[in-house]
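Presented below is the structure to which this report refers.
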Amino acid sequence: FRELNKLYPTHACREHLNNLPLLTQFCGYREDNIPQLEDVSNFLRERTGFTIRPVAGYLSPRDFLAGLAFRVFHCTQYVRHSSDPLYTPEPDTCHELLGHVPLLAEPSFAQFSQELGLASLGASDDAVQKLATCYFFTVEFGLCKQEGSLRAYGAGLLSSISELKHSLSGSAKILPFEPSVTCKQECLITTFQDVYFVSESFEEAKFRMREFAKTIQRPFSLRYNPYTQSVCVLKDMPSINDMVEELRHELDIVGDALCRLSTHLGV
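So the mapping is simple: the working numbering equals the position in the sequence shown, first residue as 1, plus 43.
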């Protein structure tokens, strides 16, 4: 914790830096305290609607991505072995709390994570594997450009002192994030990655993933209903009409807000 915090100001993305102090304030992120997953889950729910569900270890890619579709993040509870505190081949609680949670507290990134999950529902095993690989090289080991320099937003980097340094050392191979290319890259578990993928922003990564998701063969489309916390299948005209009515209502609210703002500003 102490060593990573020394690296974050020069290595971590802006969103991670903005949210980490909030986790210190509301969830007890300190080197002399162990944060409780329930406190962290409650914090995330208020920030982005995500909740944490404890698990004993790895889930299958399909099960893990399906959780993201419902804004549920499956979180491990064990801690890496003391013989090698700088790196862990498996996601431990340090990885989850220091790497994933600060980004899941960011609305844009939370939406990106959920859209990866939604794209996996009803997809073939091959498509799910491609999505899981894209997840691995973005949410786990992704880089982004901010203020003219490379920053890490991947949880696997933000929770590993040695790989965080390596990824931004100038010696690592870095390629632009393009899902159709990224999905073919081998994921390495026991050593540093051979290549890292960089996006201009979360919005760009989200746009590219949306376009990639459109290529996945499914006989239906999906949308997430935040009120019922369920996924709706858009497979016929009645279901599409219901969505259009909801969108029309939301646009009416936006239109009213713009009119009031124009009146207030005298435009």
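Beta carbons: idealized from backbone N, C-alpha and C, even for Gly.
DSSP places threonine 53 in the helix class (H, G or I) of the three-state scheme.
In the three-state DSSP reduction, threonine 94 falls in the strand class (E or B).
Boundaries of the alpha helix (DSSP H) harbouring lysine 249: 245-256, taken from the DSSP string. Threonine 119 and leucine 277 have their C-alpha atoms roughly 34 angstroms apart. Cα atoms of phenylalanine 179 and arginine 105: separation of roughly 13 angstroms, rounded to the nearest angstrom.
For phenylalanine 116, the secondary structure class from DSSP, reduced to helix, strand or coil, is strand. No Cβ-Cβ contact shorter than 8 angstroms links arginine 114 with phenylalanine 86. The criterion of a C-beta distance shorter than 8 angstroms is not satisfied by valine 241 and lysine 173. Contact between leucine 140 and proline 64 fails: their C-beta atoms lie close to 14 angstroms from each other, not under 8 angstroms. Taking asparagine 284 as the centre and dropping the five residues before and after it, the same chain places no C-beta closer than 8 angstroms to its C-beta. Ranked by Cα distance from tyrosine 196, the options Pro219, Ser205, Pro145 and Leu164 are led by Pro145.
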